[in-house]
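Using UniProt numbering, read the sequence shown as starting at 1 and increasing by one per residue.
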Amino acid sequence: MNAIELEKAYNPKDFENRIYKEWETKGYFKPLSDPDSPIHDRYDESKRSVYSVVIPPPNVTGVLHVGHGLNNVLQDIVVRYHRMKGDDTLWLTGTDHAGIATQNVVERALKKEGISRKDIGREKFLERTWAVKDDHHAAIVTQQRRLGNSTDWARERFTMDDGLSKAVRDVFVTLYERGLIYKGQYLVNWCPRCGTALADDEVEHTDTAGAMYHIWYEYADGPAPDGSSRIEIATTRPETLLGDTAVAVNPSDERYSRIIGKKLKLPLTDRVIPVIADAYVDKDFGTGMVKITPAHDPNDWQVGKRNGLDVINILNSDGTLNENCPQKYRGMTCQKARALIIEDLKDLGLFKGEEKITHSVGHCYRCSTVVEPYLSEQWFVKMQPLAKQALKAWENGQIVFFPRKWENTYRRWLENIRDWCISRQLWWGHRIPVWYCNKCSKMTVSREAPEKCFECGADASELVQDPDVLDTWFSSWLWPFSTLGWPEKTQDLKRFYPTTALVTAYDIIFFWVSRMIMAGLEFTGNVPFRDIYIHGLVRDKQGRKMSKSLGNGIDPIEIIDTFGSDALKFTLSFMCAQGQDVLVDKDSFKLGSRFANKIWNAGRYILGNLEGRTLVPVKDEDLTELDIWIFSCLDKAARIERNSLDGYRYNDAANAVFEYFWNEFCDWYVEATKLSFKNGDDKEKNRAVSVLLNVLEENLRLLHPFLPFVTEEIYSKLPLSEITENRKKAGNNFVLSNSFYKGMLIAAPFPEENDRRVNEKVSKRFSVLQELIRSVRALRAECSLDPAAKLHLALLITKGSDAEVCKEKTDMIELLAGIEKIDFVNEKPSMSVGTVGQGFEAFIIVDGSINKDQLIARFKKSIETESGYVRNYEAKLSGKFAEHAPAELVAMEREKLEESRRRIEKLNSYIAGL
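So, in structure tokens, the structure goes:
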């Protein structure tokens, strides 16, 4: 047959987009059970297991960063793996409407035009937001396709599409009917910039430079029993004193028992506030006196409720001070008011001083604005009843975390859960399905817009819908079942729910993972998934979070443009150790690029060797020991990959296929088969190339989940019809591995484990052979001998050991170690340098081709260098370093010392041998 040409240079731009379009248009991303799947004929409902995954929906107005890239890559790998295993596999994709983030995008655009959302009204604002959503959606979908996501685009969902909107309304009304949703005036987290309430877990607390301000409060009803005329309080937010309604002390604090009930003048106001007793106060902290501002601190809110204190809100919704403050401060931001208040306190002699501190300050998770505790009427979900079910599901083993350490995080959060504030003061989102009657002022909660008031019967014209929308996460917590058609009883819901796995980052265990479990149990009676794989974050090489300000961010599309999608996919999976963050820079992706290039070159070499050859059936008796060894290695790699991916140990699987293909297949097997092409007759050459093609075909199936594009491109060039026909003729033998498939690689069977391939005896023999060749190569390098020089080697073999294989494989040793002549000896030859392995001693003979004097001089120079290292290490380890450095660093230095000593000993033995 003719040689099959691959381009000389690996260039993913030549085929990645073309291959992706072919996968998608031919329907390969569809589940096996879908009649439109090109391999639907393989489907047998009685025999097929289901594997389904829902993608964590990215914000529709966002841009995919490398963290999204990691999340998408990991899902794609397991989805491709299970598809090849023959599971009925669905990867369901979609996007999130991202209420706050998307509204901010539109409001920024309006601001540039000199107008606001209120100027154009709600209806026009939503029209513009939908247009922005459509534009950004097109961009983010393009990015996902560039990543190679094998998602079923026909089933794509959006958190505000008609089906999901119906699900959201149904859940809200059902929870309300079950007494789990209520409305009330409470202290909430408020973002002045976004103008909306936030849930507790939407507040990011960061250490921030600040100050503790010490202020005097004077008695209003005369001196205290001890004769003092004032007390000292300390606060990090002096502007909030304008909302104080008490000062509290601990009831058991004997220092202040006689002033409980006394009155204080509230500085800068005309109000008088009491001294109260409450166990909340830590008498050992500070002065033991705490100002109480119920409207602007969650702990103070509780103190106020217990003690019946007034609640005075001093803030407008934009974060400025309101009409409850003295006139001069109204309209000011908190920061400006703080500065003026401190100056005014100084003028009155009521400011004692300040001390610089670093303290934890809450910021909006979307815009990073400082969050203010704010008194507001909001909608809430009672979380404790839902959390009990979710906790029980974990205790019963219905859900499993990978790695297990995240189970403690999950448990702690559920055990300490607070009610969830679900209303947002936005226009973009799911409108709260509640209507208020102008006539009777009663409330109607309904799944559909009511035609009349449920209370008094007034018609719809008298009803006004609640202006707020639901928290974005309220639609996201329904994602695993709403996307499959719930509350309707669809075939997809019946087939694919509960889903199999969730792959996500640890930073949304609270926001999303635990809430999905609660919703799944409450509305379907089942957990939404069993396997929860929590991966780390992608950070730079210094371990820093990637950000625009640091300039260390990585655009996955830029990486794909430079190295290709396969390089991105393989690098991230190779570096993704379970339970650890992934530390990368742009150069890291050269790893994946080099591996893809290695696969390309191997395929190109093998296909190029088809010139003039005839492919033949290969039976067991036709295999050489070398062939048996590579099939054993292949079987081992396939087992590791299966076990690792089943346990979401991505880096273990990636390492296994990398080591197998690069080292065992390319560097050993392919190189060793050159003997057949060099010395064999036509029959041997035909046999050798037929085995090579069989192994290559199976290798491509092994590698496909990690490098789908390059493997698919090479696979498309294989003479699959001939390979398949020859396998059928050979019968169910050693070479055959569950493949009589002629379609695209994406749907080809994953290599099955085959016990017949496991040959420990052959593996041991080849292990010795590899050790010998590596030892000779290392010895050559250590002696700085020309890699091209043909050496004279003497081998001393232990009788009866596995090393006796060396006597049978001299041609392979000569080829792979660059040896011209091998002698088998019974004792160490003179004028030689040697190395020892399991069952052998190998000696390079220093004859006329090697300058002995130069070699000795080189060894002596190396000994001098290593001796210098020894002195340095000994000095370091005998000084203060050994006393004060961490134990692991000391151990590392000791190992370096021992390594240098071993090297000196080895070099001296070389000199003695010469």
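Positions of the beta carbon are idealized from the N, C-alpha and C atoms, including for glycine.
In the DSSP output, which residue or residues are listed as bridge partners for residue i?
i	result
histidine 296	Beta-bridge pairing links histidine 296 to no other residue.
alanine 234	His214
phenylalanine 380	Tyr182, Cys421
phenylalanine 402	Tyr533
leucine 264	Tyr219, Ile273
aspartate 207	Ser360
asparagine 59	Asp96
threonine 465	The sequence shown places glutamine at residue 465, rather than the threonine named in the question. Note: glutamine 465 sits in a beta bridge opposite Trp435.
lysine 452	Asp459
Check this for me: beta carbons of residue i and residue j, under 8 Å apart or not?
i	j	result
isoleucine 417	glutamine 384	yes
isoleucine 819	lysine 852	no
valine 833	glycine 743	no
tyrosine 533	phenylalanine 402	yes
arginine 193	cysteine 325	no
histidine 97	valine 66	no
alanine 199	tryptophan 190	no
valine 464	tryptophan 428	no
alanine 234	isoleucine 292	no
leucine 907	serine 867	no
valine 768	valine 825	no
lysine 352	isoleucine 215	yes
tryptophan 23	isoleucine 55	no
leucine 816	isoleucine 773	yes
glutamate 438	glutamate 462	Sequence check: residue 438 is asparagine here, not glutamate. Cβ atoms of asparagine 438 and glutamate 462: closer than 8 Å.
tyrosine 213	proline 251	no
leucine 796	valine 776	no
isoleucine 630	tyrosine 669	yes
leucine 164	valine 538	no
arginine 411	tryptophan 473	no
asparagine 2	leucine 484	no
tyrosine 365	glutamate 202	yes
tyrosine 873	leucine 889	no
Figure out for me which residue from the options has the closest Cα to the Cα of residue i.
i	options	result
residue 915	Leu187, Ser763, Gln580	The chain is shown only over 1 to 914; residue 915 falls outside these bounds and no answer can be derived.
asparagine 552	Leu718, Asp587, Gly536	Asp587
glycine 62	Thr333, Phe125, Tyr20, His137	His137
tryptophan 662	Trp600, Ser547, Ala688	Trp600
arginine 760	Asp802, Leu779, Ser775	Looking at the sequence itself, residue 760 is glutamate, so the reference to arginine does not match. Ranking the options by Cα distance to glutamate 760, first place goes to Asp802.
arginine 756	Thr25, Pro238, Lys328, Lys636	Lys636
leucine 345	Pro294, Asn396, Leu266, Asn408	Leu266
residue 917	Leu626, Val381, Asp581	Residue 917 is absent from the model: the chain starts at 1 and stops at 914.
arginine 642	Ile312, Asn686, Pro705	Pro705
glycine 536	Arg255, Met575, Thr129, Glu522	Met575
arginine 146	Asp419, Tyr182, Met516, Pro12	Pro12
aspartate 581	Glu558, Tyr605, Lys545	Lys545
alanine 387	Trp406, Trp413, Tyr365	Trp413
methionine 289	Glu254, Lys305, Gly308, Val311	Glu254
aspartate 284	Gly304, Ile259, Thr269, Val249	Val249
leucine 391	Glu841, Glu407, Leu478	Glu407
I'd like to confirm something about residue i: is its beta-carbon nearer than 7 Å to some heavy atom of the ligand ADP, or not?
i	result
lysine 876	Although the ligand ADP was asked about, the structure shown includes no ligands whatsoever.
Problem set entry | At least 3 beta-carbon pairs within less than 8 Å: the region 165 to 180 vs the region 319 to 328 | Contact between the region 165 to 180 and the region 319 to 328 is absent: fewer than three C-beta pairs spanning the two stretches fall below 8 Å.
Exercise. Are there three or more Cβ pairs, one per stretch, closer than 8 Å when the region 701 to 714 is compared with the region 559 to 572?
Worked result: Three or more beta-carbon pairs separated by less than 8 Å link the region 701 to 714 to the region 559 to 572, which places the two stretches in contact.
For this session: Check whether the region 199 to 214 touches the region 359 to 377, counting contact only when three or more Cβ pairs, one atom from each stretch, lie closer than 8 Å.
Result: Yes: the two stretches touch, three or more of their Cβ pairs being nearer than 8 Å.
Exercise. Would the region 784 to 801 and the region 669 to 677 be scored as touching if the rule is three or more Cβ pairs under 8 Å?
Worked result: No, because fewer than three Cβ pairs between the region 784 to 801 and the region 669 to 677 fall closer than 8 Å, the two stretches do not touch.
Problem set entry | Completely contained alpha helix (DSSP H) runs for the region 286 to 352, where each covers 4 or more residues | Counting whole runs of 4 or more residues, the region 286 to 352 contains the alpha helix (DSSP H) stretches 298 to 307, 334 to 347.
Exercise. Which parts of the region 528 to 600 are runs of the alpha helix (DSSP H), unbroken and 4 residues or longer, counting only runs that do not cross its ends?
Worked result: Listed in chain order, they are 556 to 563, 565 to 574.
Exercise. Should the region 80 to 87 be regarded as contacting the region 747 to 759, the criterion being three or more beta carbon pairs within less than 8 Å?
Worked result: The region 80 to 87, when compared against the region 747 to 759, does touch it at the 8 Å Cβ threshold.
Problem set entry | 3 or more residues per run - each beta strand (DSSP E) lying fully within the region 797 to 861 | List check, beta strand (DSSP E) in window: 819 to 824, 832 to 837, 840 to 845.
Exercise. Per the contact definition of three or more C-beta pairs closer than 8 Å, is the region 498 to 505 in contact with the region 41 to 53?
Worked result: These segments touch.
Problem set entry | Whole alpha helix (DSSP H) elements within the region 691 to 751, 4-residue minimum | Listed in chain order, the complete alpha helix (DSSP H) runs (minimum 4 residues) inside the region 691 to 751 are 708 to 715, 720 to 730.
Exercise. Given 8 Å as the limit, is there contact between the region 568 to 578 and the region 588 to 596, that is, 3 or more CB pairs closer than that?
Worked result: Touching, per the Cβ criterion.
Exercise. Taking three-plus beta-carbon pairs below 8 Å as touching, is the region 648 to 668 in contact with the region 688 to 703?
Worked result: Yes, the region 648 to 668 is in contact with the region 688 to 703.
Problem set entry | Runs of beta strand (DSSP E) wholly within the region 500 to 524 (minimum 3 residues, chain order) | Whole beta strand (DSSP E) segments, 3+ residues: 501 to 505.
Exercise. How do the region 438 to 449 and the region 394 to 401 stand: do at least 3 beta-carbon pairs fall below 8 Å, yes or no?
Worked result: For the pair of segments examined, the region 438 to 449 was found not to touch the region 394 to 401: the number of CB pairs separated by less than 8 Å stays below three.
For this session: Just list the alpha helix (DSSP H) runs in the region 71 to 121, keeping only unbroken ones of 4 residues or longer that don't cross its boundaries, in chain order.
Result: Runs of the alpha helix (DSSP H) inside the region 71 to 121: 99 to 112.
Exercise. Counting pairs of beta carbons, one from the region 97 to 116 and one from the region 125 to 137, are three or more of them closer than 8 Å?
Worked result: In short, these stretches touch, since the Cβ pair count reaches three.
Exercise. Using 8 Å as the threshold, is the region 520 to 532 in touch with the region 32 to 40, meaning 3 or more CB pairs across them?
Worked result: Two segments are said to touch when three or more pairs of C-beta atoms, one from each, lie closer than 8 Å; by this definition the region 520 to 532 does not touch the region 32 to 40.
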